[in-house]
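Novice: Quick note on our numbering: the sequence shown kicks off at 9 and runs consecutively.
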Amino acid sequence: MEPEFDAVVIGAGFAGLYMLHRLRKLGMRAVVLEQGDGVGGTWYWNRYPGARCDSESYYYCYSFSKELEQEWTWTERYPSHPEIRAYLEHVTDRFGLREDIRFGVRVTGAGFDEDTRTWTVDSTSGELRCRFLITAVGCLSTANVPDIPGLDSFDGRWFHTGRWPHEGVDVRGRRVGIVGTGSTGIQAIPVVAEQAAHLTVFQRTANYSIPARNGPLAAAESDAYKRDYAEIREVQANSTNGHPFVVSTQSALEPEPAERERIYADAWERGGLRFRAAFSDVLADADANETASDFIRDRIREVVDDPETAEKLVPTDHGFATKRPPIDTHYFETYNRDDVELVDVRATPIEEIVPEGVRTSDGVYELDDIVFATGFDALTGPLLGLNLTGSDGTSLRELWTYGPRTYLGLGIHGFPNLFTITGPFSPSVLTNMPTSIEQHVDWIARCLEHLRAQGVDRIEAERSAEIAWAEHTQEAADATLLPRASSSWYLGANVPGKPKVFMPYAGGFARYTRTCDEVATDGYRGFVLT
Ligand code: N01
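Have a look at this one:
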């Protein structure tokens, strides 16, 4: 008996929406299950103060529709979280997707049945069956709340930035503590400092950050982007990271120090993630990286008035951009305020949470609100949370006890007819996400079309292909400085007990795309089609 759906997609963020659109175009019966009450995925949940994208708006968007590109106009250089949601709402209605999305439905488990070659998906609204299961659950959607003793005893309120209350949080007149200084903390800290009576920042690892230089997008700029989209998309497609900027071909060690300083200063003035493209080898050569790291360290010392605070904020245990680099609006300047205090919790660790606040080895910090900007169980967390069971009854959790294994980040041996959009071992978080998402969705759509044309209804990654891909992924990471940052969430180091495996594919977006295309052209080499 045919299942009721050809495909079930889990998640209605950038990935799920575009996947649904493509499935519809293929004439497939498809449904999206979304646990939130609206579209947006990551952007549905991350509504903390200051949340906006670090990619620039003109390319943090879909490219599949030329009409959409022309009709939507962004208002700022970096899109704020409400504007991204408004864009995705627009896309949902523009392409008539809403009727096939079931909101407020959480997937609680799914298993593959070999006899019928179908997936049975269990959810909070019941069970359904489908031929293909497609995860569009994002890479950074499972909140990581640290297991600090005593949290239940806290008399005040506490929040995780990735599950921010939709009605907002009024911190006026309150003593707030923020734990974490990653991209999220660095965005939230200056905004919360403006509003709260007092802010205490609990920092474990000092971080590099580049000024975002956000501002309104003038009509002339928007018009120019719209005119140049064909060229912009071409640059993205041929890039290492899906961003439309070209990485310099010059080594950071080539120019005289004064000239190198001038190049960094220009990049600092332009702001944003493209700072790391100032030289070719910032992420490949430790000495080159040190020049960028030193430049930023000097800027921190220049901006922060109190030398002791400045030294606490200067990163020394990893090189610039070996962890995901944040960008900011007045982050370091915030520490010049009298009502902001920095606590180095590596020197004086958090021991427990008490009714009055946070107790470190140095004493109690009295607080009314605690904000955990402590990140995510990245990449594997959202997939493991689905409780998937493969063809022989093995759970994904068991299979990945020692870390993830995938083929191209798209398929998993033992889990036939499952596609994982931006899964582990694909470029995902090292790239501009919508670019990687579109590439995966297009590849999956092409694959499904191929299966139909061949009259087959089962596809499974080969174990040998998975092993070879894991080796290649490790080699690609080892060719960069990225695995050297031992506290990085790329490695899973932020979640206690998580296996340390470098999870994103660091070999470059263009190279990865070529590999995926070759695999398809070779009749889906490394997959078994039956
Ligand atoms: O999370 P993080 P994030 N005690 O893991 C600290 C994307 N993003 O939400 O570095 C004390 O980077 C932890 O310390 P350490 C982006 O890809 C995008 O900030 O592990 N501290 C770190 O300082 C980003 O990289 C955008 O030593 C603890 C912080 O909490 C990714 O999301 C905006 C702790 C967590 O930093 C994740 O960023 C925001 C503990 N027990 C995020 N546990 C845009 O593009 C953790 N920490 C808009």
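Backbone N, C-alpha and C define an ideal beta-carbon position, used for all residues, glycine too. Quick caveat, the model's predicted, so the values are computed rather than measured.
How far does the alpha helix (DSSP H) with S98 in it reach, from first residue to last?
Specialist: In the sequence as displayed, the identity of residue 98 is His instead of Ser. It spans 89-102 - the alpha helix (DSSP H) in which H98 sits, taken as one unbroken run.
Novice: Residues in its own chain within less than 8 Å of G146 by CB, not counting five upstream and five downstream?
Specialist: Excluding sequence neighbours, G146 sits near G19, G21, A23, G49, T50, P390, T430.
Novice: Just to confirm the assignment, what range does the beta strand (DSSP E) spanning L34 have?
Specialist: Unbroken run through L34: none, as it is neither H nor E.
Novice: Please report the straight-line C-alpha distance between E84 and L225, rounded to a whole angstrom.
Specialist: If you take the alpha carbons of E84 and L225, they lie about 5 Å apart.
Novice: Could you work out which residue in V379, V437, L321 is closest to R165 when comparing CA atoms only?
Specialist: Out of V379, V437, L321, V379 has the C-alpha closest to the C-alpha of R165.
Novice: Classify C147 as helix, strand or coil using the three-state DSSP reduction.
Specialist: Reduced to three states, the DSSP call for C147 is coil.
Novice: What is the DSSP secondary structure of F253, counted as helix, strand or coil?
Specialist: Coil.
Novice: Cα separation between G531 and V449?
Specialist: Answer to the nearest angstrom: the Cα atoms are 18 Å apart.
Novice: Do the CB positions of L321 and M36 come within less than 9 Å of each other?
Specialist: Cβ distance not < 9 Å, so L321 and M36 don't count as in contact.
Novice: Is I194 a contact residue of the ligand N01, with contact defined as CB to any heavy atom under 8 Å?
Specialist: Result yes, Cβ under 8 Å from the ligand N01.
Novice: Can you give me the C-alpha to C-alpha distance between V503 and T143, rounded to a whole angstrom?
Specialist: Approximately 22 Å between the Cα atoms of the pair.
Novice: So is the beta-carbon of F328 under 8 Å away from any non-hydrogen atom of the ligand N01?
Specialist: It does not: the Cβ of F328 is nowhere closer than 8 Å to a heavy atom of the ligand N01.
Novice: Is DSSP giving Q258 helix, strand or coil here?
Specialist: Q258 falls in the coil class under three-state DSSP.
Novice: Among the candidates E269, T213, L41, S230, whose CA atom is the shortest distance from the CA of R332?
Specialist: Here the closest residue by C-alpha is T213.
Novice: Just to confirm the assignment, what range does the alpha helix (DSSP H) spanning I197 have?
Specialist: 191-203 is the extent of the alpha helix (DSSP H) around I197.
Novice: Could you tell me the boundaries of the beta strand (DSSP E) in which A118 lies?
Specialist: Start and end: 115-121.
Novice: Quick one: is S161 buried, meaning 16 or more other Cβ sit within 10 Å of its Cβ, or exposed?
Specialist: Flag for S161 reads exposed.
Novice: Quick one: residues in its chain with C-beta nearer than 7 Å to the C-beta of D400, no 5 flanking neighbours on either side, listed in chain order?
Specialist: Only G422 meet the Cβ criterion.
Novice: Cβ-heavy atom distance between Q244 and the ligand HEM below 8 Å?
Specialist: As presented, the structure is devoid of the ligand HEM, carrying the ligand N01 as its sole ligands.
Novice: In the structure shown, what three-state DSSP assignment does F287 receive?
Specialist: F287: coil per DSSP, three-state reduction.
Novice: Kindly indicate which residue of L34, W477, A487 has the alpha-carbon position closest to the one of R460.
Specialist: Measuring from the Cα of R460, the nearest candidate turns out to be L34.
Novice: I'd like to confirm something about T213: is its beta-carbon nearer than 8 Å to some heavy atom of the ligand N01, or not?
Specialist: At least one heavy atom of the ligand N01 is nearer than 8 Å to the Cβ of T213, so yes.
Novice: Please look up how many angstroms separate the CB atoms of E474 and R413, rounded, as I've assumed it's under 8 Å.
Specialist: Yes, they are in contact, since the Cβ atoms of E474 and R413 sit about 5 Å apart, within 8 Å.
Novice: Between which two residues does the beta strand (DSSP E) harbouring R165 extend?
Specialist: R165 -> beta strand (DSSP E) spans 165-168.
Novice: Going by the CB atoms, is the gap between I335 and G279 shorter than 9 Å?
Specialist: Their beta carbons are under 9 Å apart, which means G279 touches I335 by this criterion.
Novice: Given 8 Å as the limit, is there contact between the segment 361-371 and the segment 171-181, that is, 3 or more CB pairs closer than that?
Specialist: No: fewer than three Cβ pairs fall under 8 Å.
Novice: Nearest to T439 by CA position, among F340, R270, A201, N246, is which residue?
Specialist: Nearest option by C-alpha distance: N246.
Novice: Let's test the definition: count the other Cβ atoms within 10 Å of the Cβ of L105 and tell me whether it reaches 16, buried, or not, exposed.
Specialist: Buried is the call here.
Novice: Suppose only complete runs of 4+ residues qualify. What are the alpha helix (DSSP H) ranges in the segment 335-392, listed by chain order?
Specialist: With a minimum length of 4 residues, the continuous alpha helix (DSSP H) runs that stay inside the segment 335-392 are 339-342, 389-392.
Novice: Find out if the Cβ-Cβ distance for the pair R125, R466 is shorter than 9 Å.
Specialist: Cβ atoms of R125 and R466: closer than 9 Å.
Novice: State yes or no: is the C-beta of D370 nearer than 8 Å to some heavy atom of the ligand N01?
Specialist: False, no ligand heavy atom lies under 8 Å from that Cβ.
Novice: Got a sec: is the Cβ-Cβ distance from P263 to anything in chain D below 9 Å?
Specialist: This model lacks chain D altogether, as it is built from one protein chain only.
Novice: Do L141 and A15 come within 9 Å of each other at the CB atom, strictly closer than that value?
Specialist: Yes. Within cutoff.
Novice: Starting from R137, follow its DSSP beta bridges and name the residues at the other end.
Specialist: Answer is T128.
Novice: How about G190: is its Cβ closer than 8 Å to a heavy atom in the ligand N01?
Specialist: Checking every heavy atom of the ligand N01 against the Cβ of G190, one is found closer than 8 Å.
Novice: Below 8 Å, can you find three or more Cβ-Cβ pairs linking the segment 381-388 to the segment 188-198?
Specialist: In short, these stretches touch, since the Cβ pair count reaches three.
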